[in-house]
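Residue numbers (numbering that gives the first Met the number 0): 0 to 213. We put the beta carbon where it would ideally sit given N, CA and C, even for glycine.
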Amino acid sequence: MTGRTLVLLRHGRTAWNDSGQAQGHADVELDEVGHAQAADAAPYVAAFEPVALWTSDLARAAQTATYVERATGLVATHDPRLREVDVGSRQGLTLAEFAATYPEEHAAWLCGDDSRPVPGAETAADLLARTLPALREYLGQLPPGGTGLVVGHGAALMAGLLGMVGWPQDLAGGLRYLSNCGWAVLGENEVDGPVRLMAYNQRATAGAPGLLTP
């Protein structure tokens, strides 16, 4: 098979993940659990034998990528196009605080309508416009049969994934984001062939690195 593969890995947990605060572009670092998750996941994704590594430049993703660097010997390219969706003035708010502060915007968000974003926030179209070209570029840089690894964020990776396989962005509401240090696998059967979702939300287990588990 000459097709190429992209493995999309979400960053490890942060204190804001734990407290339910919207992070967006906030440069929040991994917490202790997040570092452990990244250390556990690294040998699993290294088993895909990636030849290239890209990461968001935000700390939580870049720190996760350092564990992959150690496991693979690769040096990550930091790309701001992989940053999480900018949530604007919602940054730092929990869902309850979001609902209390911006009730109309919160109601629209619950319905999957992003035509009324909070001040300063990106729309789904904005997010897709930067994540999809990045993933297409990475795939195009891989040799036939090669694998690349991308470290990023829940909403940003979801947008890019849906775009790569040609699914509508409103499916994001029906899918769960990747877990912290969960990964998805996108692949072609042949170079420039259709991209398919081959695995989703795989996580490190007690089994051998490289196993795909629910």
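For residue i and residue j, I'd like the C-alpha separation in whole angstroms.
{"i": "residue 58", "j": "residue 28", "result": "5 Å"}
{"i": "residue 22", "j": "residue 90", "result": "6 Å"}
{"i": "residue 64", "j": "residue 200", "result": "17 Å"}
{"i": "residue 94", "j": "residue 153", "result": "16 Å"}
{"i": "residue 213", "j": "residue 20", "result": "The predicted position of residue 213 is uncertain, since its pLDDT is 30 and thus under 50; a value taken from the coordinates is nonetheless stated next. For residue 213 and residue 20, the distance between alpha carbons rounds to 27 Å."}
{"i": "residue 183", "j": "residue 62", "result": "19 Å"}
{"i": "residue 125", "j": "residue 174", "result": "20 Å"}
{"i": "residue 36", "j": "residue 42", "result": "11 Å"}
{"i": "residue 46", "j": "residue 142", "result": "18 Å"}
{"i": "residue 169", "j": "residue 131", "result": "15 Å"}
Hey, residue i and residue j are a contact pair by Cβ (cut 8 Å); roughly how many whole angstroms apart?
{"i": "residue 177", "j": "residue 12", "result": "At roughly 12 Å, the Cβ-Cβ gap does not stay under 8 Å, so residue 177 and residue 12 are not in contact."}
{"i": "residue 67", "j": "residue 44", "result": "6 Å"}
{"i": "residue 136", "j": "residue 2", "result": "Incorrect: roughly 17 Å between the Cβ atoms, too far for contact."}
{"i": "residue 155", "j": "residue 81", "result": "6 Å"}
{"i": "residue 117", "j": "residue 104", "result": "5 Å"}
{"i": "residue 55", "j": "residue 162", "result": "No, residue 55 and residue 162 are not in contact; Cβ-Cβ is about 17 Å, not under 8 Å."}
{"i": "residue 14", "j": "residue 78", "result": "Rounded, the Cβ-Cβ distance is 25 Å, inconsistent with contact."}
Examine chain B for any beta-carbon lying closer than 7 Å to the beta-carbon of residue i, and answer yes or no.
{"i": "residue 193", "result": "The structure shown contains no chain B, having only a single protein chain."}
Do residue i and residue j have their CB atoms nearer than 7 Å?
{"i": "residue 40", "j": "residue 203", "result": "yes"}
{"i": "residue 53", "j": "residue 71", "result": "no"}
{"i": "residue 5", "j": "residue 147", "result": "yes"}
{"i": "residue 127", "j": "residue 171", "result": "no"}
{"i": "residue 98", "j": "residue 113", "result": "no"}
{"i": "residue 50", "j": "residue 145", "result": "yes"}
{"i": "residue 88", "j": "residue 111", "result": "no"}
Please go through the same chain and pick out, in chain order, the residues whose beta-carbon is closer than 6 Å to the beta-carbon of residue i, but skip the five residues on each side of it.
{"i": "residue 106", "result": "none"}
{"i": "residue 207", "result": "Residue placement at residue 207 is flagged as unreliable, the pLDDT there being 42, under the threshold of 50; a coordinate-derived value is accordingly withheld."}
{"i": "residue 121", "result": "84 and 85"}
{"i": "residue 164", "result": "194 and 196"}
{"i": "residue 115", "result": "104 and 107"}
{"i": "residue 181", "result": "9, 200 and 202"}
{"i": "residue 73", "result": "52"}
Pull the bridge partners of residue i from the DSSP assignment, please.
{"i": "residue 201", "result": "182"}
{"i": "residue 52", "result": "148"}
Return the chain-ordered list of same chain residues with a C-beta closer than 7 Å to the C-beta of residue i, the five sequence neighbours on each side being excluded.
{"i": "residue 26", "result": "57 and 58"}
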